[in-house]
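Beneath this line is the structure, given in C-alpha cells, with notes to follow.
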Amino acid sequence: MFILIEKLFPLHRGQPIFRPDWQVDFTHFVVNHLLVGLALVIVNFAIHRLFGWLVWAPLQKWVGGLPFFAELFGALLVADLVQYWTHRAYHEIPFLWKFHAVHHSAKTMDWLAGSRQHVFEIIATRVLVLAPLFVLGFREGVINAYIIIVGFQAVLNHANVDVPWGPLKYLIVTPDFHHWHHSSDTEAIDRNYAAHYAFLDYLFGTAVKTAKRLPEKYGVVGDYMPDGWVAQQVFPFRARPLSSRPSA
Ligand SMILES: [Zn+2]
Ligand SMILES: [Zn+2]
Numbered sequence: 692m693f694i695l696i697e698k699l700f701p702l703h704r705g706q707p708i709f710r711p712d713w714q715v716d717f718t719h720f721v722v723n724h725l726l727v728g729l730a731l732v733i734v735n736f737a738i739h740r741l742f743g744w745l746v747w748a749p750l751q752k753w754v755g756g757l758p759f760f761a762e763l764f765g766a767l768l769v770a771d772l773v774q775y776w777t778h779r780a781y782h783e784i785p786f787l788w789k790f791h792a793v794h795h796s797a798k799t800m801d802w803l804a805g806s807r808q809h810v811f812e813i814i815a816t817r818v819l820v821l822a823p824l825f826v827l828g829f830r831e832g833v834i835n836a837y838i839i840i841v842g843f844q845a846v847l848n849h850a851n852v853d854v855p856w857g858p859l860k861y862l863i864v865t866p867d868f869h870h871w872h873h874s875s876d877t878e879a880i881d882r883n884y885a886a887h888y889a890f891l892d893y894l895f896g897t898a899v900k901t902a903k904r905l906p907e908k909y910g911v912v913g914d915y916m917p918d919g920w921v922a923q924q925v926f927p928f929r930a931r932p933l934s935s936r937p938s939a
C-alpha cells in the first residue's frame, strides 16, 4: 500500500523501491513485527505492576466519558507530549543518542526506513507512551484507534511521499516534516520531534526553519553507524558517547 502511495505522490522522484540498504531495513521490519507481541506483554506487565498506584478513579471516569473523537484527539495529544519529550531526551542525552542514532542512520527515506530502530528504543517508547494512556483511563476502543493511527502515521512519516497539505502541515506531522527530522543538514539537527502534532514543535521552539523545499541529505553527521542488523544492535554498547550535533 505504501509503495503505491510513494509511486503516486513521490517526494524524491525516481527513487527506486530496492534502494541501497533495503535489506538491513527489511531485517529491522521483520524483527520489529516479531517483537510487537513480546513488547505488548512487557508493556502490560509494566503498566499493571508499576503504574497501578497512579490510578485516580474520578479522572479515569471523566476521560472515559468524553465523546469518542474528543477522547481520541486527547489520547493522541497525551501520547505525543510523552513522545516529544522522550524523543528530545534521546537526542540531547549522549547515552540515549547512541540507541536513537540507529534510527537516524538511514540514508534513504521511504516507508521501510522507519523500521530501522534499536529494540531497546522500541520497547521503552511503547511502555512510556502507553502507560499514561492506561493510567488516565482512555477507553479500549480509543486506545485501539490510537494504535492503528500510530502504526499508519509512523510508516507514512518516513515514506517518500509528498502531498499538498496546505496549512495543515503546521498542525499535524507530515512526511515532509519528519523527513526534515532525519536530515543531516545543519538547520535540521535536533529539530521536528513530534510524531502526531507538528504544532508541538512550534510551541516548544524546535521546528525546522528553512527556505529549502527538500533536505539535501539524510543520516547521522559523521556516518559512523555500521551496516547490518546485529552490528546496529551492538553499537550503543560499544560506542563512546556521541552527540547528534555536528559541532560535538
Ligand atoms: Zn530522532
Ligand atoms: Zn523517524
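Heads up: the sequence shown begins at 692 in the numbering used here, then just goes up one per residue.
Even glycine gets a Cβ: it sits at the ideal position worked out from N, Cα and C.
- V854 and F700 do touch by the CB rule: their CB atoms are close to 5 Å apart, below 8 Å.
- Cβ neighbours of E762 within its own chain (closer than 7 Å, five residues either side excluded): V754, F829, R830, V833.
- In the three-state DSSP reduction, Y775 falls in the helix class (H, G or I).
- Apart from the 5 residues on each side of it in sequence, F811 sits with its Cβ closer than 7 Å to the Cβ of F790 in its chain, given in chain order.
- The three-state reading of DSSP puts Y781 in helix, counting H, G and I together.
- Selection around ligand 2 by beta-carbon proximity, strictly under 7 Å to any non-hydrogen atom, yields H794, G805, N848, H849, H869, H872, H873 in chain order.
- The beta-carbon distance between L803 and F717, rounded to whole angstroms, is 6 Å. This is short enough to meet the 8 Å contact definition.
- Counting along the chain, T816 sits inside the alpha helix (DSSP H) bounded by residues 810 to 826.
- Taken in chain order, the complete alpha helix (DSSP H) segments of 4 residues or longer contained in the region 826 to 881 are 831 to 849, 866 to 872.
- Taking the CA atoms as reference points, S875 sits about 13 Å from N883.
- DSSP links Y909 through a beta bridge to S874.
- For P749, the enclosing alpha helix (DSSP H) starts and ends at 748 to 755.
- Comparing alpha carbon positions, the residue from L827, T816, V911 closest to A748 is L827.
- L768 and P711 have their C-alpha atoms spaced approximately 36 Å apart.
- Secondary structure of P701 (DSSP, three-state): strand.
- Comparing alpha carbon positions, the residue from R779, H703, H873 closest to G805 is H873.
- When the beta-carbon positions are compared, R817 and A730 come within less than 7 Å of each other.
- Taken through DSSP and simplified to helix, strand or coil, D892 comes out as helix.
- C-alpha of N848 to C-alpha of Q808: approximately 15 Å in a straight line.
- Taking the CA atoms as reference points, V773 sits about 15 Å from I838.
- Residue nearest to P823 within the set T877, V921, I738 is I738 (criterion: CA-CA distance).
- Assignment of H887 by DSSP, reduced to helix, strand and coil, places it in the coil class.
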